[in-house]
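Let me begin by presenting the structure, written as structure tokens, before commenting on it.
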Amino acid sequence: MFLIRWLIKLTSVIPAFFALNSRKYFVEDKINMAAYKGPLIIVQNHKSFMDFPVIVRMFALRRVHVVVSETLYASSGFLRFILKVMGVIKADRFSGDLSFVNESVDILKKGGVVLIYPESKIETSDEILEFKRSAALISIESGVPVLPIYHNGRIGFFKRDKCFIGGLVYPQDHTTEGASLAENADRLTKALYDKICSYQRIYVNSFFTDGTKRAPADKMNFAGRFVLWTALPAIKLALRPRVIYESSGTKLMRKHQKRLIVIGNHTWWLDGPMLYYLFAKRKPHCMIAKDVAVKSKFLYNLQKNVGAVFLDRTGFDWPTLKSCIDVLEKDGVLIIFPEGHFNNDGTISEFHTGPAMLSALTGAPVVPVYINGIYRLFKRVGLCMGDAVFLKDYYAKNGINPDTVAEVTRLLYERLVNLKELFDLQETDADRRARQEIEKNHIEKLKET
305 MFLIRWLIKL
315 TSVIPAFFAL
325 NSRKYFVEDK
335 INMAAYKGPL
345 IIVQNHKSFM
355 DFPVIVRMFA
365 LRRVHVVVSE
375 TLYASSGFLR
385 FILKVMGVIK
395 ADRFSGDLSF
405 VNESVDILKK
415 GGVVLIYPES
425 KIETSDEILE
435 FKRSAALISI
445 ESGVPVLPIY
455 HNGRIGFFKR
465 DKCFIGGLVY
475 PQDHTTEGAS
485 LAENADRLTK
495 ALYDKICSYQ
505 RIYVNSFFTD
515 GTKRAPADKM
525 NFAGRFVLWT
535 ALPAIKLALR
545 PRVIYESSGT
555 KLMRKHQKRL
565 IVIGNHTWWL
575 DGPMLYYLFA
585 KRKPHCMIAK
595 DVAVKSKFLY
605 NLQKNVGAVF
615 LDRTGFDWPT
625 LKSCIDVLEK
635 DGVLIIFPEG
645 HFNNDGTISE
655 FHTGPAMLSA
665 LTGAPVVPVY
675 INGIYRLFKR
685 VGLCMGDAVF
695 LKDYYAKNGI
705 NPDTVAEVTR
715 LLYERLVNLK
725 ELFDLQETDA
735 DRRARQEIEK
745 NHIEKLKET
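Residues in the sequence shown are numbered consecutively from 305, following our numbering.
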């Protein structure tokens with residue numbers, strides 16, 4: 305059996321490279337699949353019969369025992385033989401026989417790996433089906449942690465299945481002493497279901513698209529690329545940005561999200577470059593007041609080369625609005641400072657309605673970023689990046705009118721204020737002293753004027 309199993313693995317290496325080449329995203333703690341030696345229960349949503357080979361390739365050096373339904377055993381003798389060789393555990397869904405639980409526990413006690421699809425059938429839509437208790441029962445009985453994985457099911461030649469891998473879920477963290485086994489199993493099952501559903505939301509939000517093929521975003525000219533190539537390493541070295549993420553999915557969203565409106569508080573002119581640094585791979589465009597930009601011809605041309613959009617604040621600026629919509633319709637990133645002016649006294653001023661209106665017109669999500677505004681050479685600048693706010697359904701339900709735009713603007717303001725509070729909780733003593741000194745100097749200058 306051992307030789308046959310490895311023969312199957314070795315002969316399938318080449319086709320597996322093209323058909324089972326999954327892309328792994330670690331939502332929480334990164335786990336070295338090849339080096340992990342302990343017993344493990346893997347729980348994954350069920351998209352197709354090819355889900356199992358994807359996990360086998362992911363844990364290529366381990367023998368993965370998968371729990372399968374009785375229907376596969378009724379297909380053919382050859383298939384039953386292959387299943388036996390690969391270490392499959394048979395579960396009869398209708399007889400009430402729970403011997404597969406004991407068999408799984410025995411395998412885990414020997415240091416093995418067990419794969420379970422708790423939906424117990426293949427999904428026929430994008431909705432994750434209700435989980436059965438099997439994975440939770442096995443985890444509680446064996447004391448082995450569970451690794452939850454969500455994947456989008458794009459399996460096939462020259463396709464890449466996106467797998468979102470969470471952190472280990474330990475049964476003792478979701479069980480209560482004195483509760484019955486059924487109650488603890490239900491509690492752990494819900495925790496696993498909620499985690500995989502949250503990974504699905506991360507996938508949907510991080511790879512946001514409506515399926516429409518669009519023209520590529522405007523290519524940056526050589527001067528713009530040169531500025532970014534030289535400025536971004538200097539920012540990393542001199543300002544040493546420290547980024548705090550609101551949740552585990554925010555970091556993924558930063559790297560992969562298409563079509564974004566990024567809003568931030570405005571403390572100094574370096575706020576723009578800091579947000580360029582955050583979204584450099586997405587070739588962002590920053591909205592800048594034209595009356596401020598034209599004061600220096602050099603800076604005006606510099607900002608123009610890196611994709612800035614200039615806003616005429618003397619009246620309604622239709623060309624700029626059209627440019628912003630064009631950036632977002634081409635899945636670009638647009639940076640806006642909705643306060644409309646510098647504010648480095650430690651507070652956040654009320655927002656203008658621009659981001660809310662652009663989100664209504666384009667369906668683009670809004671990402672708030674709080675900047676602590678401590679700009680001193682070789683002192684760390686802190687940024688707190690929040691989850692994307694998706695407003696498309698809200699506008700579809702309430703319509704696009706001045707009241708809904710004002711309500712969304714208030715919501716975005718509150719989200720940024722909450723990020724400031726989240727950052728303040730993690731602010732170091734040195735950063736706090738530096739920020740208070742900057743705020744004090746600013747207030748003194750205001751008094752002088």
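Just so it is clear, CB atoms sit at the ideal spot from N, CA and C, and this is done for glycine as well. Since the model is a prediction, treat every value here as computed from it, not as a measurement.
With a cut-off of 8 Å on the beta carbons, I'd call Val-637 and Leu-564 a contact; round off their distance for me.
Contact holds; Cβ gap of about 5 Å.
Excluding the 5 residues flanking Ser-552 on each side, which residues of the same chain have their C-beta closer than 7 Å to its C-beta?
Taken in chain order, the residues that qualify are Val-331 and Glu-332.
Where does Ala-664 fall in DSSP's three states?
Helix.
I'd like to check one pair, Ser-408 with Ile-432: are the Cβ atoms closer than 8 Å?
In this structure, Ser-408 does not lie closer than 8 Å to Ile-432 by Cβ.
Note down the Cα distance separating Phe-461 from Asp-630, rounded to an integer number of angstroms.
Going from the Cα of Phe-461 to the Cα of Asp-630 covers about 35 Å.
Which stretch, first to last residue, makes up the alpha helix (DSSP H) that contains Met-354?
First-last for Met-354: undefined, no H or E at that position.
Can you tell me whether DSSP reads Ala-439 as helix, strand or coil?
Three-state result, Ala-439: helix.
Would you kindly work out how many angstroms separate the C-alpha atoms of Thr-708 and Ser-653, rounded to a whole number?
Distance between the alpha carbons of Thr-708 and Ser-653: 20 Å.
Can you check DSSP and say which residues form a bridge with His-252?
What is shown of the chain runs 305 to 753, which leaves residue 252 out entirely.
Could you give the DSSP three-state label for Arg-737: helix, strand or coil?
Helix at Arg-737.
Given Ile-411, which residues of its chain have a CB within under 7 Å of its CB, disregarding the five upstream and five downstream residues?
Excluding sequence neighbours, Ile-411 sits near His-369 and Val-418.
Just the C-alpha distance for Glu-711 and Gln-730, rounded to the nearest angstrom, thanks.
In a straight line, the C-alpha of Glu-711 is about 29 Å away from that of Gln-730.
State the DSSP-derived secondary structure class of Tyr-674, mapped to helix, strand or coil.
Here Tyr-674 sits in strand by DSSP.
Name the one or two DSSP bridge partners that Gly-686 has.
Gly-686 pairs with Arg-546.
Hey, out of Arg-529, Leu-579, Ile-335 and Glu-427, whose CA is closest to Met-354's CA?
Here the closest residue by C-alpha is Glu-427.
Take Val-699 as the anchor and find which of Val-685, Phe-620, Thr-554 and Leu-662 has the nearest alpha-carbon.
Reading off the sequence shown, one finds Tyr at residue 699, where the question assumed Val. Selected option, being the one with the closest Cα: Leu-662.
Counting C-beta neighbours from all protein chains within 10 Å, is the total for Pro-669 16 or more, i.e. buried, or is it exposed?
Buried is the call here.
At 3 residues or longer, what runs of the beta strand (DSSP E) sit wholly inside the region 575 to 611?
Counting whole runs of 3 or more residues, the region 575 to 611 contains the beta strand (DSSP E) stretches 589 to 593.
Identify, in the order they occur along the chain, each residue of the same chain with its Cβ nearer than 7 Å to the Cβ of Asn-456, setting aside the five sequence neighbours on each side.
So the qualifying residues of the chain are Asp-465, Lys-466 and Tyr-507.
Looking at C-alpha atoms only, which residue of Leu-723, Val-448 and Phe-468 is the closest neighbour of Thr-651?
When each option's Cα is compared against that of Thr-651, the closest is Leu-723.
What is the rounded straight-line gap between the Cα of Val-371 and the Cα of Pro-452?
Distance between the alpha carbons of Val-371 and Pro-452: 15 Å.
To the nearest angstrom, how far is it from the Cα of Asp-498 to the Cα of Phe-602?
Cα-Cα distance, rounded: 53 Å.
Tell me where the alpha helix (DSSP H) around Ser-552 begins and ends.
Looking at the DSSP string, the run of the alpha helix (DSSP H) that includes Ser-552 is 552 to 560.
Counting only runs that start and end within the region 628 to 652, where is the alpha helix (DSSP H) found for 4 or more residues in a row?
With a minimum length of 4 residues, no continuous alpha helix (DSSP H) run stays inside the region 628 to 652.
Would you kindly work out how many angstroms separate the C-alpha atoms of Tyr-503 and Gly-471, rounded to a whole number?
Rounded to whole angstroms, Tyr-503 to Gly-471 spans 11 Å at the Cα level.
Please return the same chain residues whose Cβ sits closer than 8 Å to the Cβ of Asn-509, not counting the five positions on each side in sequence.
If we look at Asn-509 and ignore the five residues flanking it on each side, its Cβ neighbours are Gly-553, Met-557, Gln-561, Pro-669, Asp-691, Ala-692 and Phe-694.
Around the C-beta of Thr-480, are 16 or more other C-beta atoms found within 10 angstroms, so that it is buried, or is it exposed?
By the 10 Å Cβ count, Thr-480 comes out exposed.
Can you give me the Cβ contacts of Val-317 inside the same chain, cut-off strictly under 8 Å, excluding the 5 residues immediately before and after it?
In this prediction, Val-317 scores a pLDDT of 49, lower than 50, which makes its location untrustworthy; no coordinate-derived value is stated.
Would you grab the beta carbon distance between Leu-726 and Pro-545 for me? Rounded to a whole angstrom, and I think it's under 8 Å.
Not a contact, Cβ separation roughly 17 Å.
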